[in-house]
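Q: Numbering (the numbering used here), first residue to last: 1397 to 1615.
1. Do residue 1399 and residue 1411 have their C-beta atoms closer together than 7 Å?
2. Over the uninterrupted beta strand (DSSP E) stretch that includes residue 1575, give me the two end residues.
3. Keeping to the same chain, check which residues put their C-beta closer than 6 Å to that of residue 1588; ignore five residues upstream and five downstream.
4. In the DSSP assignment, find the unbroken beta strand (DSSP E) run with residue 1584 in it and report its ends.
5. Can you look up residue 1399 in the DSSP assignment and give me helix, strand or coil?
6. Classify residue 1551 as helix, strand or coil using the three-state DSSP reduction.
7. Taking DSSP's pairing of strands, which residues face residue 1426 in a bridge?
8. Determine which residues share a DSSP beta bridge with residue 1449 and list them.
9. Go ahead and pull the three-state DSSP assignment for residue 1501.
10. Could you tell me the alpha carbon to alpha carbon distance between residue 1540 and residue 1502, rounded to whole angstroms?
11. Rounded to whole angstroms, what is the Cα-Cα separation between residue 1553 and residue 1413?
12. Closest to residue 1468 by C-alpha separation, out of 1520, 1611, 1492, would be which residue?
13. Using the DSSP secondary-structure output, state which residues sit across from residue 1523 in a beta bridge.
14. Helix or strand or just coil, what does DSSP make of residue 1434?
15. Which same chain residues, not among the five before or five after residue 1577, have their C-beta less than 8 Å away from its C-beta?
16. Give me, in chain order, the residues of the same chain whose beta-carbon lies closer than 7 Å to that of residue 1545; leave out the 5 immediate sequence neighbours on both sides.
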């Protein structure tokens, strides 16, 4: 299966570089490019790619708002969005995650991590640059819960679901969770699906945020 990707960045040289990296992969194809957020949203809605790769700072409409329009909580059929940027401020990352992004990378992350993030997003997983994962998730959880009571799910989590929630919040991939908990990849995915249903999360990033919100994991 080929992963269809669109790229949105206001710098043509950056788009070209990202496209070169991704098109060099045997299972990834860049099917469209946009120079601003409005173009990105229109392109996403028209092409329905497997993954959208958006810069944060774009003219007319920024990457966070474009993400919200394509992947936000009000979108019936959300697209998978990975945000890539030069800026790693808490405001940028928390905004992207709240808007529904499945990944957040810095532009100096390197080709390997970029490709990994695209694969993760296409598979319903999420990847945030390891250097900022814990700090940013914790910061977002603190700000998000300042005016909201930390809620437990109506249906209690199983012991294994509790373990999976904690490992997700610590930035583990599916394979790492399987290895750490001595279970199969299919079992990990089963527990993730059950977790998302119970706590009302749409992806792994939201599971991680919830784990911080409920103090299952602390910074």
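Using N, Cα and C, we set each Cβ at its ideal position, and we do this for glycine too.
A: Looking at the atomic coordinates:
1. At a Cβ-Cβ threshold of 7 Å, residue 1399 and residue 1411 do not count as neighbours.
2. DSSP places residue 1575 outside any beta strand (DSSP E); the residue lies instead in the alpha helix (DSSP H), whose first and last residues are 1570-1577.
3. Correct list: empty, nothing qualifies.
4. Element bounds for residue 1584: not the beta strand (DSSP E) but the alpha helix (DSSP H), 1581-1595.
5. If DSSP states are grouped into helix, strand and coil, residue 1399 belongs with the strands.
6. Correct three-state label for residue 1551: coil.
7. According to the DSSP secondary-structure assignment, residue 1426 is paired through a beta bridge with 1401.
8. Checking the DSSP bridge columns, you'll see residue 1449 partnered with 1403, 1478.
9. Collapsing the DSSP output to three states places residue 1501 in a strand.
10. Per-residue confidence for residue 1540 stands at a pLDDT of 49, beneath the threshold of 50, marking its modelled position as unreliable; the derived number appears in the next sentence. For residue 1540 and residue 1502, the distance between alpha carbons rounds to 23 Å.
11. For residue 1553 and residue 1413, the distance between alpha carbons rounds to 44 Å.
12. 1492 is the residue among 1520, 1611, 1492 whose C-alpha sits nearest the C-alpha of residue 1468.
13. DSSP lists 1499 as partners of residue 1523.
14. Helix.
15. Spatial neighbours of residue 1577 in its own chain (CB-CB distance under 8 Å, excluding positions within 5 residues in sequence) are listed in chain order as 1556, 1559, 1560, 1563, 1584.
16. In this prediction, residue 1545 has a pLDDT of 48, which is less than 50 and means its spatial position is unreliable; what the coordinates show is noted afterwards. Cβ-Cβ distances below 7 Å link residue 1545 to nothing in the same chain once the five nearest sequence neighbours on each side are left out.
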